[in-house]
Amino acid sequence: MLQCSKNFDIRQLKDFLGEWQLNRQIIESKRVVGSFQGVASFDLLERGLVEYFENGLFTFQHQGPFNASQKYHWDEELKVSFCDGRYFHHIPPMGGAAFFSCPPDEYKGDYDFRHWPNWRVSWSVRGPCKAYNLISIYAR
């Protein structure tokens with residue numbers, strides 16, 4: 612008899628709360644040109660709203676490392692916004708495709724929760740002056 616794996620649970624905002632190790636690679640023309648190593652934290656701001664904050668060391672090609680950080684807000688529906696309130700994208704609760712358009716650039720994302728509590732986000736970024744992939748891996 613087949614049994615459903617817990618890996619295919621529907622992710623909820625509460626699942627992300629706390630601290631995660633974050634490793635990210637920036638890949639351009641099939642080679643790693645940058646990396647980020649640090650910590651991502653999900654902190655409850657108020658009921659239904661979480662602040663995502665990542666902080667760590669970024670190395671780009673032959674520069675760095677230097678400190679880098681980023682903040683977003685996540686809500687109960689797994690909608691991600693920039694801190695100024697602009698909508699960024701929606702995270703599929705079971706994993707899957709995400710999309711953000713910032714003309715003339717397009718960002719196509721993929722959330723992978725199959726190995727929960729480790730998870731991965733991949734972004735393919737394309738535009739007139741951009742052509743790279745970001746791969747972020749989160750682990751407790």
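Numbering (this note's numbering), first residue to last: 612 to 751.
The beta carbon of each residue, even a glycine, is placed where N, CA and C say it ideally should be.
Excluding residues up to 5 positions away in sequence, Asp723 and Ile748 lie with their Cβ nearer than 6 angstroms to the Cβ of arginine 731 in the same chain. Exclusion of the five residues before and after leucine 656 leaves Glu662 as the residues of its chain whose Cβ lies within less than 6 angstroms of its Cβ. For the set Arg751, Glu665 and Pro703, the Cα lying nearest the Cα of asparagine 729 is the one of Arg751. Pairing glycine 659 with aspartate 686 gives a Cβ-Cβ distance under 7 angstroms. By the neighbour-count criterion, in which 16 or more other beta carbons inside 10 Å mark a residue as buried, arginine 642 falls on the exposed side.
For lysine 625, the three-state secondary structure derived from DSSP is helix.
Here tyrosine 698 has Ser692 as same chain residues with Cβ atoms under 6 angstroms from its own Cβ, once five neighbours each way along the sequence are excluded.
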